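Contents: one structure, followed by commentary.
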Amino acid sequence: MTDVSSRPVTERGLAVELSDLTRVYGSVRALDGLTLHLAPGELVCLLGPSGCGKTTALRILAGLDHPTSGTVSVGGRDLTRVPANKRDMGMVFQAYSLFPHMTVLDNVAFGLKLRGRDAAARRSRAGDMLDLVGLGQHADRYAHQLSGGQQQRVALARALAVEPSVLLLDEPLSALDAKVRVQLRDEIRRVQIEVGTTTLFVTHDQEEALAVADRVGVMNAGRLEQLAPPAELYSAPATQFVGEFVGLSNRIPAHVDGSTASVLGQQVPVLPGSATGAGQALVRPESVSVTADAAGQATVTTVMFLGPLSRVTCGLPDGTSVVAQLASSEALDLQPGDQVTLGIAPSPVLVVA
Numbered sequence: 001m002t003d004v005s006s007r008p009v010t011e012r013g014l015a016v017e018l019s020d021l022t023r024v025y026g027s028v029r030a031l032d033g034l035t036l037h038l039a040p041g042e043l044v045c046l047l048g049p050s051g052c053g054k055t056t057a058l059r060i061l062a063g064l065d066h067p068t069s070g071t072v073s074v075g076g077r078d079l080t081r082v083p084a085n086k087r088d089m090g091m092v093f094q095a096y097s098l099f100p101h102m103t104v105l106d107n108v109a110f111g112l113k114l115r116g117r118d119a120a121a122r123r124s125r126a127g128d129m130l131d132l133v134g135l136g137q138h139a140d141r142y143a144h145q146l147s148g149g150q151q152q153r154v155a156l157a158r159a160l161a162v163e164p165s166v167l168l169l170d171e172p173l174s175a176l177d178a179k180v181r182v183q184l185r186d187e188i189r190r191v192q193i194e195v196g197t198t199t200l201f202v203t204h205d206q207e208e209a210l211a212v213a214d215r216v217g218v219m220n221a222g223r224l225e226q227l228a229p230p231a232e233l234y235s236a237p238a239t240q241f242v243g244e245f246v247g248l249s250n251r252i253p254a255h256v257d258g259s260t261a262s263v264l265g266q267q268v269p270v271l272p273g274s275a276t277g278a279g280q281a282l283v284r285p286e287s288v289s290v291t292a293d294a295a296g297q298a299t300v301t302t303v304m305f306l307g308p309l310s311r312v313t314c315g316l317p318d319g320t321s322v323v324a325q326l327a328s329s330e331a332l333d334l335q336p337g338d339q340v341t342l343g344i345a346p347s348p349v350l351v352v353a
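Residue numbers are given in UniProt numbering: position 184 of the sequence shown equals residue 184, and the series is strictly consecutive.
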């Protein structure tokens with residue numbers, strides 16, 4: 001993932017500070033002391049289950065909602081009580097919300113018209129933004145003549161046309177089919193890096209968050225459980241919730257003694273925050289090895305072919321089910337009922353009580 005600190009900061013990239021935000025709706029505490037910093041030009045994804053507070057945080061930054069307590073600042077300016085139309089934010093929602101009676105070019109130029117830019121300047125800027133998202137040749141079309149992915153590109157171009165200080169993306173890809181979603185998420189990342197706008201991206205899609213973000217924040221019950229670069233978040237979860245929510249994890253019996261744990265008969269290092277004594281290690285499927293062995297400690301229960309990868313599920317004598325993710329070429333000879341020996345990579349694991 002691109003290191004935001006190594007990229008030149010454009011004049012559009014401003015720091016964002018959410019400080020100790022709370023938001024209470026009756027008896028529901030949607031945000032519970034959220035503090036989040038976005039560096040200039042950085043793309044941060046907030047990830048979490050429905051109701052975790054991620055969209056509330058975005059709406060408060062946009063000015064569409066107000067915190068019960070806490071502050072919002074952009075570029076050092078306190079915006080906590082500034083109305084949404086004075087915040088200089090660009091937003092892209094799940095719904096494309098294009099004007100059906102306007103051409104693509106006019107849709108993109110609409111925000112510039114509201115800001116009093118003359119017609120020539122509007123057309124020039126809108127044309128540049130359409131070129132940026134690869135739709136320059138569709139400037140004279142209408143929304144109904146575009147695919148869903150193309151419409152969302154127009155929405156992105158419209159948000160960027162006004163040169164916002166911050167770009168806010170609220171589940172912008174969830175209405176698209178899987179293949180288009182992957183293409184457009186890569187396009188959003190390319191455009192964001194090229195333009196350099198500080199961006200907050202809210203999603204419930206783990207793959208999406210890990211693929212595009214400089215850092216990912218995992219939220220749970222209004223709190224930020226962990227904020228880290230994608231690789232760190234995946235390989236070194238700080239809490240049990242993060243370890244189980246992000247990606248797939250096995251729960252394998254373990255015993256911690258000092259800085260190491262015994263898992264499947266092997267000694268592996270433990271991550272900070274691990275339980276002591278008896279517990280369960282959270283182990284990624286790709287960290288599990290499977291070796292055919294008539295005297296092995298596990299029995300293959302299912303083999304699932306997934307193209308280049310295969311997912312092999314094995315049962316231990318105590319009833320524990322362990323999933324391994326192998327190259328399909330390594331799983332060709334494995335069949336349900338086979339005895340196997342399981343091992344794990346010597347990378348650190350989080351052990352929970």
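A virtual CB, placed ideally from N, CA and C, is assigned to each residue, including glycine.
Since the model is a prediction, treat every value here as computed from it, not as a measurement.
{"Check": "With a threshold of 8 Å on Cβ separation, who are the neighbours of Ala-95 within its own chain once the five nearest residues in sequence on each side are excluded?", "Outcome": "Ala-175"}
{"Check": "Of all the options Leu-14, Gly-13, Asp-32 and Ala-15, which has the alpha carbon lying nearest to the alpha carbon of Thr-22?", "Outcome": "Asp-32"}
{"Check": "Shortest alpha-carbon distance to residue 409 belongs to which of Ser-73, Ala-353, Pro-100 and Thr-80?", "Outcome": "Because the chain here runs from 1 to 353, residue 409 falls outside it and cannot be looked at."}
{"Check": "Around the Cβ of Asp-78, are there at least 16 other Cβ atoms within 10 angstroms (buried) or fewer (exposed)?", "Outcome": "exposed"}
{"Check": "Thinking Ala-327 and Pro-308 are a contact (beta carbons under 8 Å), I'd like their distance in whole angstroms, please.", "Outcome": "7 Å"}
{"Check": "So, is Asp-3 buried or exposed, given that buried needs 16 or more other C-beta atoms within 10 angstroms?", "Outcome": "Caution applies to Asp-3, whose pLDDT of 49 falls short of 50 and renders its modelled position unreliable; the value that the coordinates give is listed next. By the neighbour-count rule (16 or more Cβ atoms within 10 Å), Asp-3 is not buried but exposed."}
{"Check": "Can you check which of these residues, Ala-62, Gly-70, Pro-67 and Thr-68, is closest to Met-91 by C-alpha distance?", "Outcome": "Ala-62"}
{"Check": "I'd like to check one pair, Val-218 with Gly-48: are the Cβ atoms closer than 7 Å?", "Outcome": "yes"}
{"Check": "Closest by CA to Pro-229, which one among Ala-213, Leu-168 and Phe-241?", "Outcome": "Ala-213"}
{"Check": "Using a Cβ-Cβ cutoff of less than 8 Å, which residues in the same chain neighbour Val-44 once the five nearest sequence positions on both sides are dropped?", "Outcome": "Leu-36, Leu-38, Thr-199, Leu-200, Phe-201, Ala-213, Asp-214, Arg-215, Val-216, Gly-217 and Leu-227"}
{"Check": "In chain order, which alpha helix (DSSP H) runs of at least 4 residues are fully inside the stretch 108-176?", "Outcome": "119-132 and 148-161"}
{"Check": "So, at 8 Å on beta carbons, what are the nonlocal neighbours of residue 405 in its own chain, with the 5 sequence-adjacent residues on each side left out?", "Outcome": "Because residue 405 is not part of the residues shown, which for the chain are 1 to 353, the question remains open."}
{"Check": "Roughly how many angstroms lie between the CA atoms of Gly-277 and Ser-97, to the nearest whole one?", "Outcome": "55 Å"}
{"Check": "In the DSSP assignment, the alpha helix (DSSP H) including Val-326 goes from what residue to what residue?", "Outcome": "Per the sequence shown, residue 326 should be read as Leu rather than Val. Element bounds for Leu-326: not the alpha helix (DSSP H) but the beta strand (DSSP E), 321-327."}
{"Check": "Between residue 429 and Ser-249, is the Cβ-Cβ spacing less than 7 Å?", "Outcome": "Any property of residue 429 remains undetermined from this structure, which presents the chain solely from 1 to 353."}
{"Check": "Apart from the five residues on each side of it in sequence, which residues of its chain come closer than 7 Å, Cβ to Cβ, to Arg-181?", "Outcome": "Leu-173"}
{"Check": "Between which two residues does the alpha helix (DSSP H) containing Gly-90 stretch?", "Outcome": "Premise fails: Gly-90 lies in the beta strand (DSSP E), 89-92, not in any alpha helix (DSSP H)."}
{"Check": "Cutting at 8 Å between CB atoms, please list the residues of its own chain near Arg-185, excluding the five before and the five after it.", "Outcome": "Leu-173, Glu-208, Ala-211 and Val-212"}
{"Check": "Please look up how many angstroms separate the CB atoms of Val-108 and Leu-130, rounded, as I've assumed it's under 8 Å.", "Outcome": "6 Å"}
{"Check": "Tell me whether Met-304 is buried or exposed, calling it buried when 16 or more other Cβ atoms sit within 10 Å of its Cβ.", "Outcome": "exposed"}
{"Check": "Which whole-angstrom value is the C-beta distance of Val-340 and Ala-295, which I expect to be below 8 Å?", "Outcome": "Going by Cβ atoms, the distance from Val-340 to Ala-295 rounds to 10 Å, so no, they are not a contact pair."}
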